[in-house]
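Q: Numbering (UniProt numbering), first residue to last: 1 to 237. A virtual CB, placed ideally from N, CA and C, is assigned to each residue, including glycine. I'd like to ask you about the structure that follows.
Structure, rendered in structure tokens:
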């Protein structure tokens, strides 16, 4: 007998190349290892955080080593396909220390662009890097969530991070943590109000691919993504 449980996922976001990894809800390697999709700079530490959270159930708590930079890094292996393409990163972060915590994007060793620093005030703040254009001959495509070096070790919390393509994305890798979807019954799109899902995507517009990588595909003939809107997937696992 096969026993299924209801599963709802809201980590995928339209035009987000991170495929929801920046929501920090997926920790396949454990709560004190880098979250899925990211790597951790040696000497830094990371932990799954369930109290200081902006969206969902968890955020990522990053702590640097005293006197050293600390960062979580996302890197796209097939960076050449995005030469001269534009992306915008948005997210939320929290720390109690000013001028130490920020994000960066890079496509070569010399074209790093940075967000503003967190103010050090209490609570989550927005950060962004708008319209970052990859080099015409990129050697990397990396996003870093950073604590800059100083004498002291500090902690920062990152959540709801999206790396949005300026071109529409129609294929989305389905989350498989902690278990993959066995069936999908409904796909909803967030409306103009955050957290409200008013648009039920017709079944004829979507296609589910199971192998080799589970994907949700929207038919571009009938669907135009609304950038930065969440996808709500309802099914069973």
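(1) Just verifying my parser: in three-state terms, what is the DSSP assignment at residue 23?
(2) Does residue 7 come out as helix, strand or coil in the three-state DSSP assignment?
(3) Do residue 147 and residue 101 have their C-beta atoms within less than 7 Å of each other?
(4) Tell me which residues share the same chain as residue 17 and place their Cβ nearer than 8 Å to its Cβ, disregarding the 5 neighbours each side in the sequence.
(5) I need the straight-line Cα distance from residue 210 to residue 149, nearest angstrom please.
(6) Which residue's Cα is closest to the Cα of residue 38: 51, 52 and 62?
(7) On the premise that residue 46 lies in contact with residue 72, defined as a C-beta separation below 8 Å, what is that separation, rounded to the nearest angstrom?
(8) Taking only runs of the alpha helix (DSSP H) that begin and end inside the region 98 to 128, which ones reach a length of at least 4 residues, in chain order?
(9) Thinking C-beta only, is residue 98 closer than 7 Å to residue 115?
(10) Looking at residue 122: is its Cβ nearer than 7 Å to the Cβ of residue 112?
(11) Taking the alpha-carbon positions, what's the residue 181 to residue 151 distance?
(12) Starting from residue 163, trace the beta strand (DSSP E) in both directions and tell me its first and last residue.
(13) Tell me the residue span of the beta strand (DSSP E) that contains residue 186.
(14) Grab the span of the beta strand (DSSP E) containing residue 60 for me, first residue to last.
(15) Excluding five sequence neighbours on each side, which residues of the same chain lie with their C-beta closer than 8 Å to the C-beta of residue 126?
(16) Using a Cβ-Cβ cut-off of 8 Å (strictly less than) and excluding sequence neighbours within five positions of residue 85, which residues of its own chain qualify?
(17) Output the boundary residues of the beta strand (DSSP E) element that contains residue 218.
(18) With a CB to CB cut of under 6 Å and the five nearest residues on each side skipped, what residues in its chain are close to residue 235?
(19) Using beta-carbon positions only, say whether residue 56 and residue 64 come within less than 7 Å of one another.
A: This is what the structure gives:
(1) In this structure, residue 23 counts as helix in the three-state DSSP scheme.
(2) Collapsing the DSSP output to three states places residue 7 in a strand.
(3) With a cutoff of 7 Å on beta-carbon distance, residue 147 and residue 101 are scored as near each other.
(4) Once the five neighbours on either side are set aside, the close Cβ partners of residue 17 are 76, 87, 163, 164, 165 and 169.
(5) Roughly 44 Å between the two C-alpha positions.
(6) Distance from the Cα of residue 38 is smallest, within the candidate group 51, 52 and 62, for 62.
(7) Confirmed, Cβ separation roughly 6 Å.
(8) The alpha helix (DSSP H) runs of length 4 or more contained entirely in the region 98 to 128 do not exist; there are none.
(9) For residue 115 and residue 98, no; Cβs fall outside 7 Å.
(10) Result no, Cβ atoms of residue 122 and residue 112 do not sit closer than 7 Å.
(11) So the alpha carbons of these two residues sit roughly 46 Å apart.
(12) Membership of residue 163 in the beta strand (DSSP E) is indicated by the continuous run 155 to 165.
(13) Element bounds for residue 186: 183 to 190.
(14) Counting along the chain, the unbroken beta strand (DSSP E) around residue 60 starts and ends at 59 to 63.
(15) Taking residue 126 as the centre and dropping the five residues before and after it, the same chain places the C-beta of 90, 91 and 92 closer than 8 Å to its C-beta, in chain order.
(16) By the criterion of a C-beta distance shorter than 8 Å, residue 85 is surrounded in its chain by 133, 134, 165, 166 and 167, once the five residues flanking it on both sides are discounted.
(17) That run of the beta strand (DSSP E) goes 215 to 218.
(18) Counting only Cβ-Cβ distances below 6 Å, and skipping sequence neighbours, we find 7, 181, 183, 184 and 185.
(19) No.
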